[in-house]
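Going left to right, the sequence shown walks through residues 0 to 354 as numbering that gives the first Met the number 0 numbers them.
Backbone N, C-alpha and C fix where the C-beta goes; we use that ideal spot for every residue, glycine too.
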Amino acid sequence: MKTPWTGLIAVSLALATSACNKAPAPGEEVRPVKTVQAGSAAAGASTSYPGEIRARHETRLAFRVPGKVVERFVSAGERVKKGQPLARLDATDYALDAGAKAAQLGAARAQLAQQEADLKRARELLAQAFISQAQYDRQVAALDAARAQAKSAQAQASFAGNQQDYAVLRADADGIVSEISAEPGLVVAAGTPVARLAADGAREVAIQLPEDAIAGVRAAKALSVVLWSGGDRYPAKLREIAGDADPATRTYAARVSVDAPAGRLTLGQTARVELPAPAVSAIALPLTAILDTGGRHYVWLVDAKTQTVKRREVGIAGLDSQQATVSRGLAGGETVVTAGVHLLREGQKVTLLKP
């Protein structure tokens, strides 16, 4: 591989002997250009983003009915089992309604039993011609109505029973109560979150990304999570990035899954997500040296012997406001045009401007 010095020597020799070369033909344009010697990019420091350990599945829990909280059974940080009560509303009214609906169901069932017995007798009387067919049909219709009434009463009783049961807030999974605001005396509306449950299982890191970092995080082939306490490091991968920015911070919420042994990560623990440092084999060039044509990237190389330029396609590993990192197409040591790249043509003669 050529060293950076090789290219510099070649350019110097070309400049020294340029006076001896044949002058360009009349009308041939010789364009002055600025150049730079292509060299390896310096090894960059790894990029990191602070965050905290969160559960993969977090649920905000709310009562499904309105009411006044009369009892709280757990505190924040406690471990709970699925179905375990967390808080309870005053269910007096729900119990009364459930009792009334149960009584209505009992009456409807009694009426249904009576209509079934009446139909049985009507069938016997019809067989003996003691009643008409029309009277029998009316009894059949009365039985159908009683059945419908009993079915409706059953649904209302079930609904009232559910409402009474909903007065108790229960955990929907095994996990840890990370937050609870259901204090006795608090009147809550149905659906208002009063607790948050971090379910057992996978853990991940919640971070905030600035807009200009999203592409780099998405493209990273490997991520790692480093714990602030103890410095333990675990492999990780990006799971999701929010579709819109936070209106206050203008950053994007992201979640990074962590491949760590069970029990090694504590909820709320401070951690950072690290991206690997850029490879040192890449070539750093000024952004003005890159010619973008149809979504493909090119640079102009100067031939030191002929003082002409030729175009070469390159691969771009990264861009910022001032430079481009070239991952393929250059070996290092080449003389690259850094200004006026849109004005050049293949084989055009150039003269090198002094830095």
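Is residue 205 helix, strand or coil when you go by DSSP?
strand
Please say whether residue 256 and residue 238 have beta carbons closer to each other than 8 Å?
yes
Among 69, 283, 142 and 295, whose alpha-carbon lies nearest the alpha-carbon of residue 109?
142
Apart from the five residues on each side of it in sequence, which residues of its chain come closer than 6 Å, Cβ to Cβ, to residue 20?
Summary for residue 20: the model assigns pLDDT 43, below 50, so the residue's position carries little reliability; its value from the coordinates is reported in the next sentence. Contacts found: none.
Beta carbon of residue 176, beta carbon of residue 79: below 8 Å?
yes
Supposed contact pair residue 149 and residue 125 - C-beta distance, whole angstroms, cut 8 Å:
In fact, because the Cβ distance is near 24 Å, the residues do not count as touching under 8 Å.
Could you tell me how far apart the beta carbons of residue 167 and residue 87 are, in whole angstroms, since I believe they sit closer than 8 Å?
5 Å
Tell me whether residue 199 sits in a helix, a strand or coil according to DSSP, three-state version.
coil
Say whether the region 193–208 touches the region 241–259, bearing in mind that this needs 3 or more beta-carbon pairs closer than 8 Å, one atom from each stretch.
yes
Inter-residue spacing [alpha-carbon to alpha-carbon] between residue 258 and residue 241
21 Å
Euclidean distance between Cα positions of residue 58 and residue 274:
30 Å
Would you say the region 308–327 touches the region 338–351, given that touching needs at least three Cβ pairs under 8 Å?
yes
How long is the line joining the alpha carbons of residue 350 and residue 304, rounded to whole angstroms?
12 Å
Where residue 133 and residue 104 are concerned, what is the direct C-alpha to C-alpha distance, given to the nearest angstrom?
30 Å
Are the Cβ atoms of residue 160 and residue 196 separated by less than 8 Å?
no
What is the DSSP secondary structure of residue 296, counted as helix, strand or coil?
strand
Minimum C-alpha distance to residue 97 - residue among 212, 81, 165 and 62
165
Verify whether the separation of the beta carbon atoms of residue 32 and residue 336 is less than 8 Å.
yes
Verify whether the separation of the beta carbon atoms of residue 266 and residue 170 is less than 8 Å.
no
Tell me whether the beta-carbon of residue 55 lies closer than 8 Å to the beta-carbon of residue 182.
no
Boundaries of the alpha helix (DSSP H) in which residue 216 is found, first to last residue
213–218
Where does residue 347 fall in DSSP's three states?
coil
Length of the line joining the Cα atoms of residue 330 and residue 28
29 Å
Is the CB-CB distance between residue 189 and residue 72 below 8 Å?
no
Taking all protein chains shown into account, decide if residue 281 is buried (16 or more other Cβ within 10 angstroms of its Cβ) or exposed.
buried
Going by CA-CA distance only, name the one from 323, 234 and 147 that's closest to residue 285.
323
Which residue's Cα is closest to the Cα of residue 244: 230, 212 and 224?
212
Measuring straight from C-alpha to C-alpha, what distance separates residue 179 and residue 316?
47 Å
State yes or no: is the C-beta of residue 272 within less than 8 Å of the C-beta of residue 47?
yes
Are the CB atoms of residue 152 and residue 107 within a distance shorter than 8 Å?
yes
Three-state class that DSSP yields for residue 305 in the structure shown
coil
Grouping DSSP H, G and I as helix and E and B as strand, with all else coil, what is residue 38?
strand
Keeping to the same chain, check which residues put their C-beta closer than 8 Å to that of residue 35; ignore five residues upstream and five downstream.
284, 285, 288, 334, 335 and 337
Taking the Cβ atom as the reference point for each residue, do residue 332 and residue 325 lie within a distance shorter than 8 Å?
no
Extent of the continuous alpha helix (DSSP H) to which residue 93 belongs:
91–126
Does any residue of chain B have a CB that is nearer than 8 Å to the CB of residue 195?
In summary, chain B is missing from the structure at hand, where a single protein chain is found.
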